[in-house]
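Colleague:
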Amino acid sequence: IKKNNLKRVLRANNNNIFSKHMQSCETLNTQMSFADEFESNLVSLAHVLQKKYALLRDLDKSLQENQRQNEQRCEKEIEDIRRGRTANVTPNAHFSEEAIDEQKHSVRIADEKVALAMQAYDLVDMHVQQLDQYMKKSNEQMRREKENASASNLENSGEAGKAGEGRRGGRKKTRLATAASTAAVASASTGMTSTGMDLDLPVDPNEPTYCICNQVSYGEMIACDNNECKIEWFHFGCVGLKDQPKGKWYCPDCATVKKSRKGR
């Protein structure tokens, strides 16, 4: 039964790692696709804006030239009146009509400039809105992936705790395999956080504790071969081990009790 539970936990963990990897790949592909498309649109936008700005400069030159000619005509008319070259100081009707037409032409040019400027603004604003929408969707997708990863890891932690509640019968292999599986999940989670996705994985409050440090299972662990050991499982570092010992192994307390019994 414990072997079946272990297989089920390992299979679930492997599926979880593969699922996370595929989700990360899909997210990355979507981001790259949008980035390529957005970059292409920016290149087109640059060309369009360049043409509109060139037309704006031409209109501005035309407007300035039109205003300059109109000012010169007005100055000449005023000078003629001042020097008495005209018989009547009343403004010339023909001149007034020409001046009004020139001013109307200047207004039309100014309106064209405003329209071009608004078109350029709308184009830039459209690209900014596209980028904002993408960022919103991307953040929402990352949030969902974070929640799914948290829920999946919480479920797997509960299953791993249940699979490790048994005592004897291949205990060393079971605990080492579960620890290796946990390390694989942690490695996969670390790989995802390196891309900028901060996954806040919850801790299962019901997970059993082991060892003289009274902590949860992690890393490499070893079981005491005393069937009556109260603690049963120990972390390598807490009992001064670096490698798996050969033969039977007893925790410090059980080893002391065993030696005292032999001395009697």
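Mapping to my numbering: the sequence shown position 167 is 167, numbers consecutive. Where is the CB? At the ideal position from N, CA and C, for every residue including glycine. Since we're looking at a predicted model, the values are computed, not measured.
1. Does DSSP put Y210 in a helix, a strand or coil?
2. For Q215, which three-state DSSP category applies?
3. Nearest by alpha-carbon distance to D58: which of T209, R261 and K113 is it?
4. A99: which of E79, R73, N227 and W233 sits nearest, CA to CA?
5. Tell me whether C251 is buried or exposed, calling it buried when 16 or more other Cβ atoms sit within 10 Å of its Cβ.
6. Please report the distance separating the alpha-carbon of R171 from that of E147.
7. Report the three-state DSSP secondary structure of I109 (helix, strand or coil).
8. Quick one: residues in its chain with C-beta nearer than 6 angstroms to the C-beta of A120, no 5 flanking neighbours on either side, listed in chain order?
9. Excluding the 5 residues preceding and the 5 following D36 in the sequence, name in chain order all residues of the same chain whose CB lies nearer than 6 angstroms to its CB.
10. Buried or exposed, going by whether 16 or more other CB atoms sit within 10 Å of the CB of M135?
11. Give me, in chain order, the residues of the same chain whose beta-carbon lies closer than 6 angstroms to that of L131; leave out the 5 immediate sequence neighbours on both sides.
12. Taking the beta carbon of M221 as the centre, do at least 16 other beta carbons fall within 10 Å, making it buried, or is it exposed?
13. Report yes if the CB atom of L116 is closer than 9 angstroms to the CB atom of L42, and no otherwise.
14. Between A188 and D225, what straight-line distance do the alpha-carbon atoms span, to the nearest angstrom?
15. Which one of Y210, Y218, S217 and K248 has the shortest CA to CA distance from K230?
16. For G164, which three-state DSSP category applies?
Modeller: If we stick to the structure as given:
1. In the sequence shown, counting from the first residue as 1, residue 210 sits at position 210. The answer is strand: DSSP assigns Y210 an E or B state.
2. The residue given as residue 215 occupies position 215 in the sequence shown. Note: Q215 maps to strand in three-state DSSP.
3. In the sequence shown, counting from the first residue as 1, residue 58 sits at position 58. The shortest Cα separation from D58 among T209, R261 and K113 belongs to K113.
4. Stepping through the sequence shown from its first residue, residue 99 is reached at position 99. Taking only the C-alpha atoms, the option nearest A99 is R73.
5. On the sequence shown, position 251 is the one that residue 251 refers to. Answer is buried; the Cβ neighbour count reaches 16.
6. To locate residue 171, count along the sequence shown from 1; it is residue 171. To locate residue 147, count along the sequence shown from 1; it is residue 147. Residue confidence is low: R171 scores 49 on pLDDT, short of 50, so the model does not pin down where it sits. No coordinate-derived value is stated.
7. Counting from one through the sequence shown, the residue named residue 109 turns up at place 109. I109 falls in the helix class under three-state DSSP.
8. In the sequence shown, counting from the first residue as 1, residue 120 sits at position 120. Only L49 and K52 meet the Cβ criterion.
9. To locate residue 36, count along the sequence shown from 1; it is residue 36. If we look at D36 and ignore the five residues flanking it on each side, it has no Cβ neighbours.
10. In the sequence shown, counting from the first residue as 1, residue 135 sits at position 135. Under this definition M135 is an exposed residue.
11. For the purposes of this step, residue 131 is taken as the residue at position 131 of the sequence shown. Closer than 6 angstroms at the Cβ level, and outside the excluded window around L131, lies no residue.
12. In the sequence shown, counting from the first residue as 1, residue 221 sits at position 221. It is buried - the Cβ of M221 has at least 16 other Cβ atoms within 10 Å.
13. If you number the sequence shown from 1, residue 116 lands on position 116. If you number the sequence shown from 1, residue 42 lands on position 42. No, they are not a contact pair.
14. Numbered from its first residue, the sequence shown carries residue 188 at position 188. Numbered from its first residue, the sequence shown carries residue 225 at position 225. With a pLDDT of only 41 at A188, under the threshold of 50, the placement of this residue in the model should not be trusted; the figure read from the coordinates follows. Computed Cα separation, rounded: 33 angstroms.
15. The residue given as residue 230 occupies position 230 in the sequence shown. That would be Y210, whose Cα lies nearest to the Cα of K230.
16. Counting from one through the sequence shown, the residue named residue 164 turns up at place 164. Its pLDDT being 47, under 50, G164 is placed unreliably in this model, and the coordinates cannot settle the point.
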